[in-house]
Amino acid sequence: MKRMARSRRRKTPGMNLTSLMDVFTILVFFLLTNTSSNEALEPPKVITLPDSVVESRPRETITLMVTDEEVLIEAKPVIATSEVAGSEETVIEAIKEAMLAEMDKAISLAQVNSQAQVASEAVESEVEPETAAEAGSEEETPVLPPEVNILADRTIPFSLLKKVMSSCTDAGYTKVSLAVIQKASQG
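Per the numbering used here, residue 50 is the first one in the sequence shown, and the count goes up by one each step.
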């Protein structure tokens, strides 16, 4: 009887949360590392990109979207697509002005991309990234020109895209890329 009375007085042990906390910690790190990587552009639902076989991932740049209804720069509407198509001019002033307004952001993104390129070259040549960055700063690594990625629906005529690309080039963006859907490489 005494044994039974002693066993009833003991509290039952609580649930051990150590393994549960380990799982949540791993989950948090997984989510943090995967949400910070910008390896691919996600096109909006209103744009259907053309297919292509490409080798490299896009860099982070200024994004210009051409939909059936309007032209957007960094998700801000600039001009209606019908106005661009109806214009006789090669350079559309509204697009050029909006691209010039985004030039500071484009230059800072180009600097980040050039630093990333120096770091990746250092990894390939098995040099410490800090050492490569210091060596690159001493030699004044050339800053990459500002870039723009154009996301256009596959039904947009090339004559309209040509006007958009000419406007970007006239604004000082020397690297113009068209976004496509990456297909599996053939071979």
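We put the CB at the ideal spot given by N, CA and C, even for glycine.
Next item on the list: Note down the Cα distance separating K51 from D71, rounded to an integer number of angstroms.
Entry: When rounded, the distance between both Cα atoms is 41 Å.
Check: What separation, rounded to the nearest whole angstrom, lies between the Cα atoms of A155 and S68?
Finding: A155 and S68: Cα-Cα distance of roughly 46 Å.
Check: What's the gap between the Cα of T218 and the Cα of A129?
Finding: So the two alpha carbons sit approximately 20 Å from each other.
Checklist line | Inter-residue Cα distance where the pair is F207 and D153 | finding: Cα to Cα, F207 sits roughly 28 Å from D153.
Checklist line | Residue closest to I111, alpha-carbon to alpha-carbon, out of K212, F79, A124 | finding: Comparing Cα positions, the closest option is A124.
Margin query: Measuring only the C-alpha atoms, how far is I144 from F79?
Written below: Each residue's alpha carbon lies about 39 Å from the other.
Checklist line | Extent of the continuous alpha helix (DSSP H) to which V133 belongs | finding: V133: member of the alpha helix (DSSP H) spanning 130–135, first to last residue.
Margin query: For D117, tell me which candidate among G221, I205, K212 has the shortest Cα-Cα distance.
Written below: Nearest Cα to D117 within the set G221, I205, K212: I205.
Item checked: Beta-bridge pairing of S68 - partner residues as DSSP gives them -> Bridge partners of S68: none, in fact.
Next item on the list: Sort L76, K211, P195, S131 by Cα distance to A150 and report the nearest one.
Entry: That would be P195, whose Cα lies nearest to the Cα of A150.
Checklist line | Short Cβ contact (8 Å threshold) for A147 with V127 | finding: In this structure, A147 places its C-beta atom within 8 Å of the C-beta atom of V127.
Note to self: If distances are taken between C-alpha atoms only, which option among V161, I141, R203 comes closest to A220?
What the structure shows: Comparing Cα positions, the closest option is I141.
Notebook entry, point to check: Just checking my contact of S97 with K212 at CB under 8 Å: how many whole Å lie between their CB atoms?
Noted result: First, the amino acid is wrong: residue 97 is Thr here, not Ser. Not quite, the Cβ-Cβ distance comes to about 21 Å (not below 8 Å), so this is no contact.
Notebook entry, point to check: In terms of residue numbering, what span does the alpha helix (DSSP H) encompassing K145 cover?
Noted result: For K145, the enclosing alpha helix (DSSP H) starts and ends at 142–150.
Checklist line | Secondary structure of A155, DSSP reduced to three states | finding: For A155, the three-state secondary structure derived from DSSP is helix.
Note to self: My output table needs one value for M214: the three-state DSSP class, helix, strand or coil.
What the structure shows: DSSP, reduced to helix, strand and coil, places M214 within a helical segment of the structure shown.
Checklist line | Closest Cα partner of S131 within the set L76, V197, S157, L210 | finding: Nearest C-alpha to S131 among L76, V197, S157, L210: L210.
Check: Got a sec? Which residues, its chain only, sit under 6 Å from S216 by beta carbon, not counting five neighbours each side?
Finding: Within the same chain, S216 has close Cβ partners V140, I141, I144, K145.
Notebook entry, point to check: What are the start and end residues of the beta strand (DSSP E) that includes M114?
Noted result: In the DSSP annotation of this structure, the continuous segment of the beta strand (DSSP E) that includes M114 starts and ends at 111–115.
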